[in-house]
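Position 167 of the sequence shown, counting from 1, maps to 169 under this note's numbering, and the rest follow consecutively.
Here a beta-carbon is modelled for each residue, glycine too, at the ideal position from N, C-alpha and C.
Comments concern the structure below.
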Amino acid sequence: MKARAIPVDPFDLVIFGATGDLARRKILPALFKRYCAGQMEPGARVIGAARSELSQEEFRNLVRESVEEFTPERARRPGMLAGFLDCLSYLPVDARGSSGWPELAAMMTGDRVRAFYFSVGPSLFGDLARRIREYGMVTEQTRIVVEKPFGHDLDSARALNATLAEHFDESVIYRIDHYLGKETVQNLMVVRFGNMLFEPLWNSQYVDHIQITVAETVGVGGRGDYYERAGAMRDMVQNHLMQLLCLIAMEPPAKFDPDAVRDEKLKVIRALDAVKPHHIVRGQYVADPTQPQLGQGYREEVGNPRSSTESYIALKAHISNWRWAGTPFYLRTGKRLVARSSVINVRFKDAPHSIFGAEAGQHSNVLSIRLQPNEGITLQVTIKEPGPGGMRLVDVPLDMSFAEALGPDGRDTADAYERLIMDVIRGNQTLFMRGDEVEAAWAWTDPVIAGWQSLGDVPKPYTIGSTGPLDADLLMRRDERRWRGINP
Ligand code: NAP
3 MKARAIPVDP FDLVIFGATG DLARRKILPA LFKRYCAGQM EPGARVIGAA
53 RSELSQEEFR NLVRESVEEF TPERARRPGM LAGFLDCLSY LPVDARGSSG
103 WPELAAMMTG DRVRAFYFSV GPSLFGDLAR RIREYGMVTE QTRIVVEKPF
153 GHDLDSARAL NATLAEHFDE SVIYRIDHYL GKETVQNLMV VRFGNMLFEP
203 LWNSQYVDHI QITVAETVGV GGRGDYYERA GAMRDMVQNH LMQLLCLIAM
253 EPPAKFDPDA VRDEKLKVIR ALDAVKPHHI VRGQYVADPT QPQLGQGYRE
303 EVGNPRSSTE SYIALKAHIS NWRWAGTPFY LRTGKRLVAR SSVINVRFKD
353 APHSIFGAEA GQHSNVLSIR LQPNEGITLQ VTIKEPGPGG MRLVDVPLDM
403 SFAEALGPDG RDTADAYERL IMDVIRGNQT LFMRGDEVEA AWAWTDPVIA
453 GWQSLGDVPK PYTIGSTGPL DADLLMRRDE RRWRGINP
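This is the structure we're talking about:
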């Protein structure tokens with residue numbers, strides 16, 4: 003089975019912030035990979051824009067270096083880089099001034115998709131949106147791409163939405179949550195709605211609880227300033243974990259259509275109960291004195307010895323609707339944990355009665371959907387332990403790794419940015435957050451943060467390389483449950 007790349011019509015893509023970190027690490031290498039896959043037709047143009055006065059040559063050199071640094075060797079097709087660089091040009095443009103805009107407008111000719119990627123801080127979104135319109139660059143085929151963080155709270159998200167709405171219709175705004183571009187995240191929908199097997203059991207009658215874990219081994223690195231203001235709740239839960247929660251909990255949309263899918267996700271967010279303060283555990287990583295080579299603790303890394311920003315959070319959420327009433331959703335995410343792993347575990351209820359007697363023990367089915375790494379699905383089933391001497395039961399995994407099941411050609415190695423950028427060009431908004439979705443997510447997040455702030459909560463320490471603070475285990479144990487392991 004071979005992953006197919008369907009070419010898109012020639013387009014113009016303007017990247018504001020083309021000299022920045024995101025453009026160099028993600029956007030430009032993603033475009034190069036799509037070029038190598040044959041998805042960018044000859045004639046497609048990528049126009050880099052930022053204030054720096056770079057010549058065409060200097061910009062192309064910067065892109066060449068970025069591609070070489072951030073595209074794995076196996077993904078580079080020999081001899082393709084020169085052709086890709088020919089698609090690129092650069093214009094010095096100031097989002098807040100007039101320099102560069104007439105030249106940019108003069109380049110925007112012809113009837114083709116014009117995508118404007120705002121890879122700049124959100125404070126520039128309004129300036130860019132206004133000038134794109136003022137300089138007459140808006141056509142029927144104009145699309146606007148904006149990056150996370152989309153706001154810092156509900157008020158700021160509303161203000162950003164209002165600013166964009168002054169100039170553009172919602173149908174042309176593409177808010178990126180790169181988690182939605184991951185192959186396995188989309189597979190969540192297919193596993194649920196493409197198979198008869200799971201959906202009849204997908205409710206509080208059969209599901210005991212669901213765990214969503216996004217564990218990282220990296221720390222805050224060079225993003226300390228941003229992270230101090232955000233923390234794990236704003237950086238990960240409000241967007242990425244919320245999206246996973248929506249996909250795992252939503253009702254089947256009538257069709258796989260952008261608004262049908264996003265309507266169902268929105269209903270999940272709106273049905274979320276407020277989280278009780280004692281259902282939240284915040285943590286902060288500390289250095290391991292026995293293994294100092296593993297690195298500094300969070301406070302040292304961000305240079306704030308009194309920081310109370312969480313680098314870890316675990317919480318219990320409830321969705322008040324017919325399907326999920328009574329089924330807890332446990333969410334956790336953290337940095338500098340024992341392994342990098344994003345996984346959703348659906349733990350089914352115990353069989354109502356064991357015909358094998360109490361000594362056989364309690365056994366339960368768990369469906370684990372691994373998003374990264376080693377994408378795949380495992381279903382834990384109970385079987386008889388082999389051998390004579392009575393009926394002893396044992397849990398074994400029915401394990402499917404997508405890489406093995408689909409063969410070497412079957413794995414779509416496209417990363418999230420490749421897929422999302424091509425969806426922008428194709429005009430498919432399914433994998434992008436709608437404005438009301440983002441606002442609803444903040445409306446749920448804000449009181450959670452206000453709650454711990456009013457209590458003066460201090461994050462619990464956890465050692466680098468651990469599974470998180472002990473209190474997160476207690477959160478589960480109080481409910482007579484336990485977290486599944488964090489395995490690479
Ligand atoms: P960055 O490295 O600071 O780059 C910012 C870019 O904006 C630079 O190219 C800068 O170039 C340009 N710029 C700044 N002021 C400008 C102005 N007045 N007019 C035109 N261009 C201007 O930031 P980044 O890390 O790439 O992040 C960009 C956006 O993506 C941010 O909103 C960030 O939160 C988001 N994001 C980043 C990442 C990531 O991994 N980096 C991940 C997710 C989301 P000049 O200085 O030459 O103008």
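Asked: Within 8 angstroms, strictly: CB atoms of Pro94 and Gly102; Found: yes
Asked: Cβ separation of Tyr92 and Ala20, assumed to be a contact under 8 angstroms, to the nearest whole Å; Found: 7 angstroms
Asked: As assigned by DSSP and simplified to three states, the class of Arg342; Found: coil
Asked: Endpoints, alpha helix (DSSP H) assigned at Gln188; Found: Glu185 to Phe195
Asked: Assumed close pair Leu333, Val239 - CB separation to whole angstroms, cut-off 8 angstroms; Found: 6 angstroms
Asked: CA nearest to the CA of Val174, picked from Ser356, Val48, Pro260 and Asp155; Found: Pro260
Asked: Residue ranges of each alpha helix (DSSP H) within the segment 198 to 250, 4 or longer; Found: 226 to 234
Asked: First and last residue of the uninterrupted alpha helix (DSSP H) at Arg301; Found: Tyr300 to Val304
Asked: Whole-angstrom distance between Asp210 and Ala25, CA atom to CA atom; Found: 43 angstroms
Asked: Whole alpha helix (DSSP H) elements within the segment 370 to 430, 4-residue minimum; Found: 404 to 408 and 418 to 428
Asked: Ser206 to Trp326 span [Cα, whole Å]; Found: 5 angstroms
Asked: Pro279 vs Gly453 beta-carbon contact at 8 angstroms; Found: yes
Asked: Presumed contact (8 angstroms Cβ cut-off) between Ile371 and Ile346, rounded CB distance; Found: 5 angstroms
Asked: Own chain, CB closer than 6 angstroms to Leu15, minus 5 neighbours either side, in chain order; Found: Val48 and Ala117
Asked: Closer than 7 angstroms: Gly494 CB and nearest ligand 1 heavy atom; Found: The displayed coordinates of the chain run from 3 to 490. Any statement about residue 494 would go beyond what the structure contains.
Asked: CB contact flag (Cys89, Met139, <8 angstroms); Found: no
Asked: For Ile17, the nearest candidate out of Val10, Ile8, Leu30 and Val270 (CA to CA); Found: Leu30
Asked: Segments assigned beta strand (DSSP E), at least 3 residues, entirely inside the segment 99 to 181; Found: 115 to 120, 144 to 148 and 175 to 177
Asked: Nearest-angstrom Cα separation, counted from Ala405 out to Lys35; Found: 20 angstroms
Asked: Under the three-state DSSP convention, the category Gly453 falls into; Found: helix
Asked: Burial state of Asn197 (16 or more Cβ within 10 Å); Found: exposed
Asked: Pick from Asp401, Ala159, Gly299 and Leu373 that is closest to Lys184, judged by C-alpha positions; Found: Leu373
Asked: beta-carbon Pro124 near ligand 1 non-hydrogen atom, thresh 7 angstroms; Found: yes
Asked: Beta-carbon gap between Ile488 and Val340 smaller than 8 angstroms; Found: yes
Asked: Selection from Ser366, His242 and Val426 that minimises the alpha carbon distance to Pro399; Found: Ser366
Asked: Residues sharing a beta bridge with Asp11, DSSP; Found: Its beta-bridge partners do not exist; DSSP assigns none.
Asked: Contact under 8 angstroms by Cβ, Leu268 with Glu149; Found: no
Asked: C-beta contact flag for Val460 and Val277 at 8 angstroms; Found: no
Asked: Cβ-heavy atom distance, Val95 to ligand 1, below 7 angstroms; Found: yes
Asked: Nearest residue (CA-CA) to Gly85, options Arg62, Asp96, Arg145 and Phe72; Found: Arg62
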